[in-house]
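See structure below.
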Amino acid sequence: MKKLSKIFAITLAVLLSAASVLPLVFEGKIGDIVKREAAARLRVRLGFEKLDVSLLRHFPHASLDVRGLTLAGGAPFAGDTIAAADRISVVVNLLSLFGDEGIEVTKVIAVRPAVHARKLADGTVNWDVMKPVQSDAERAAEPSGPSSFRLAVRDVRIDGAVLRYEDDSTRMRFSASPLSLRLRGDLSAAQTDLSLRLEAGRMRLVSGDAVLLADAEGELDAVLSADLEQRRFVFAQNTLRLNAVELSLGGRVDLAEPGAVAVDLAAECRKVQFKDILSMIPAFYTRDFRSLSASGELSLAAWAKGRLAGGEVPAFEVKLGVREGAFRYVSLPKAVTDIAVDARVSNAGGTIDDTKVEMPLLTLTMDGNTVRASFAASHLFSDPHFDAAVSGRADLGGIREVYPLRDGEAFSGIVTADLRAAGRMSDIERERYESVEASGTFVVEDLLARMDGWPDVHVRRAAATVSPAAMTLGELDLAAGRSDLAANGRLTGYIGYLLRGSKLSGRLYVESDRLDLNELLSSVPASQQREGVQQPAVSAAADTAAHAPVIPANLDLALSAELHEVLFRKMRITNLSGGVRVADGAVLLDGLAMEAFGGRVNASGCYSTVADAQRPELRLGLDVAKASFERTFEELEVVQRLVPLFAKTGGSYSMRLDLAARLDASMTPELKTLNAAGTIASQDVRIRRIEAFSKLADALRYEPLRQIEARDVAIRFTIADGRITTEPFDLRIAGAAVRLSGTTGPDRTIDYKARVSLPEGAAGGVLTTLDVGIGGTFSDPKITLGVKEAAVDALKNLVNEQVRKLTGSAPFEAEVDEQRRKIGAAVGEQRGKRSAEAEHRA
């Protein structure tokens, strides 16, 4: 007996050792197989940090853990991460590996997965990850029988997921985080009950510029009776909750027909109250919702029946009715009353374009003022038919008595409207305005809006009238923070712009005493400029705190501007006038004249966000007259980086400049993309103690070079990849003539060549002309003297002069040349001494 026990113990130890060691032996091979198969079958790149195989963790089942999984997109989604996960675990019945019924997967666990699904405007999607079958041989290699995998799932778990969906074709955005899922059921059985629980937090849904959901929460508890052979699913017990709206869904879904879904579903909403409906509005659900009380008669019904396939949609209807509705926050003195809503979205079955949106009644009363509205639309995707109206008077000062404002928030002013528009979009686009009805007025008086993070907005008065052809802005007088603006003009295409984002055209006349762009741009949240949710695991690039302004592509506005003062970064611009056109995602400057940098500036050019909204393109032509060197250096960061010499330069300059560059998020040119050409000229230049000329004065022993005062200087220059190259130009400094040319880099490195001609008697009275190299950096220049040839010429001239004095005749050239040869070596020694002295003084 002891012998048998010993044999059993040894056998068990061997098996446990094998179970521990064998996975380590095969992990590398399994990883190689996974990578090879992924490369052969996927369009995208599959990667993972670690792959673990264990026979003990879920014994008697085997488990496969993949950690640090990533799925990276290819063209046109290169750089995007389609999916990622901290860990994915798959548990397999170990005994099924040795049978002939296929591999049985019993459990799947995904920990913190992130999925970024995207559809481009042309219909291309990033989740089409499988390579197509290329040949008959490859098709023959595909398994034709039943799958070798059986899903006898006991537990499917997804924890802490992040989901993001973007559809550029419809401008639809959806995100949810965190998201968790629990699914139980035997997916290998012909018929089974599937238990499902789904929880989603921070859901956000945006359509175009409209935020439909913000920070919403949802849950789904469902038991489905599933016929997996016929692919039919019947909803048994289930509850669906979105914010406070809770309903149950009954009916069936049939997937038997390939490429089609047949539905017969109805929602029961017996427990839904008016307050629950208010929870679907972000402004209520995210602002002290628990202290909100509401009353009123509510009816809500929804159903769908038919076939969903290709462009076909089933018949459906969603109806909402509210009668004698009211709501009030318990901490506030007044209520919003007399709320009535009659709304219906329906489709008789056919295409999505057959959908009708009808809201014949919407009324509410706030602080004794009643607002009424109605809306109807059909054929939304082909040729929208619309009929909309709004009328009433609103005293915004009453908001604080019915709605909980945050600290620092305040509203006041009177808004009066009486507007109606009806017609077809095709009539507007073809300018058949006789078939379109549009009339009414819109007036704002003494409106004040104070919101956290924004400058105070005060609209003293705004008045507009509408017709089928245009909206006429008769008057606009407003102040925003330290800025003010007055405008009037005419806008065409406004109905199409409001209904489906068509192009808005027009002409506006704008005047301002002060426009502080620093205050206005810094107050615009990044979310207003670029819609998105920060998802580091799936985003191609991290969001930044600042964003350059994005110009809408659906605008074509001509502006005539008279701006008396404009503040932007450190610049102060005055008396700006001229034309500006905002069109097709760009701002075009047409003959703007202004006073800046202490002089006059004429500007033309283009700022465009069409190609890359994150790195706008700037093209600019400038004519500058009598501007200050010092003010230009103080107000322009790019000058501080590229031309530090301006900091020590007095006087004024004129310049003609043409440049092109990409801008970063702070509206600063990216130096490596900066290319320009121009000419700068000055009649009066004063440069005090710049290091390069101070060292040159030391090397040549000529003190006037330390302080440069020159007149009538003209310099032609180019900028390529951020490096300035100057063509040869001349300076006359206290009797000396200097001819300079070279380059300055964005890192302040310099590389200049100079020919210096000193007056007679300078530098010992012998050397009058020499070449100089100026290298190093602007703050630490290196001087190299090229004196040999200059010294030889000077000595030759000296010998000739002495011969003339002694003989009264022309010198013997041959003798002079011989002396020149002998002197060469001595001059070389002199050059070395001078260079050494210059380096020592540096």
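Okay, so the sequence shown: first residue is 14 according to our numbering, each after it adds one.
Every residue, glycine too, gets a C-beta built ideally from N, C-alpha and C.
- When DSSP assignments are scanned along the stretch 270-347, the uninterrupted stretches of beta strand (DSSP E) that are 3 or more residues long and fall wholly within it turn out to be 274-281, 305-321, 328-342.
- The shortest CA-to-CA distance from E281 to any of F287, V258, S496, G663 is the one to V258.
- Setting aside the 5 residues that flank it on each side, S306 is surrounded in the same chain by R341, each with a C-beta closer than 6 Å to its C-beta; the list follows chain order.
- Only residues of its own chain outside the window of five on either side were considered, and among them N382, T383, V384, R385, A430 have a CB closer than 7 Å to the CB of G405, listed in chain order.
- Under a 10 Å Cβ-count criterion, G604 is classified as exposed, with fewer than 16 other Cβ atoms of the shown protein chains found around its own Cβ.
- In this structure, DSSP gives I564 a state outside helix and strand, which the three-state scheme calls coil.
- Looking only at R654, R675, D636, A674, the smallest Cα-Cα distance to S667 is reached by D636.
- In this structure, D569 places its C-beta atom within 8 Å of the C-beta atom of A596.
- Using a Cβ distance threshold of 8 Å, A279 and W316 count as a contacting pair.
- Three or more Cβ pairs closer than 8 Å define a contact, and the stretch 184-203 meets that threshold against the stretch 212-219.
- If you draw a 10 Å sphere on the C-beta of M143, you find fewer than 16 other C-beta atoms in it, and that means exposed.
- With at least 16 other beta carbons inside 10 angstroms of its own, A493 counts as buried.
- Between Q286 and A269, the C-beta spacing is not below 8 Å.
- When only Cα atoms are considered, T485 and Y446 end up about 16 Å apart.
- In the same chain as F302, and ignoring 5 residues on each side of it, the C-beta atoms closer than 7 Å to its own belong to S292, in chain order.
- Of L225, D711, A673, A749, the smallest CA-CA separation from K795 is found for D711.
- Annotation for F642: the continuous alpha helix (DSSP H) segment containing it runs 642-648.
- Within a 10 Å sphere around the beta-carbon of A624 sit fewer than 16 other beta-carbons, which makes this residue exposed.
- Spatial neighbours of T299 in its own chain (CB-CB distance under 8 Å, excluding positions within 5 residues in sequence) are listed in chain order as A227, D228.
- Under DSSP, M379 takes part in a beta bridge, and its partners are V349, N382.
- Taking C-alpha positions only, L333 is separated from A275 by approximately 25 Å.
- Straight-line spacing of the CA atoms in V449 and N501 works out to 24 Å.
- Non-local C-beta neighbours of G758 in its own chain, meaning closer than 6 Å and more than five positions away in sequence, comprise R736, ordered along the chain.
- In the three-state scheme derived from DSSP, where H, G and I count as helix and E and B as strand, Q627 is classed as coil.
- The shortest C-alpha to C-alpha distance from R245 to any of V266, D764, A640 is the one to V266.
- The C-beta of T692 has fewer than 16 other C-beta atoms within 10 Å across all chains shown, which makes the residue exposed.
- Here A203 is exposed: its Cβ has fewer than 16 other Cβ atoms, across all protein chains shown, within 10 Å.
- Less than 8 Å separates the beta-carbon of R520 from that of A571.
- The Cβ atoms of L460 and V415 do not sit closer than 8 Å to each other.
- Put simply, the backbone Cα of Q720 is about 21 Å away from that of R761.
- DSSP places D400 in the strand class (E or B) of the three-state scheme.
- Annotated as distal: R49 and E62, with beta-carbon spacing of 8 Å or more.
- Taking P346 as the centre and dropping the five residues before and after it, the same chain places the C-beta of E414 closer than 7 Å to its C-beta, in chain order.
- A straight line joining the alpha-carbon of Q696 with that of T731 spans about 21 Å.
- When the alpha-carbon of V652 is set against those of P629, R632, V456, E683, the nearest one is in E683.
- Bounds of the beta strand (DSSP E) holding K766 are 763-770.
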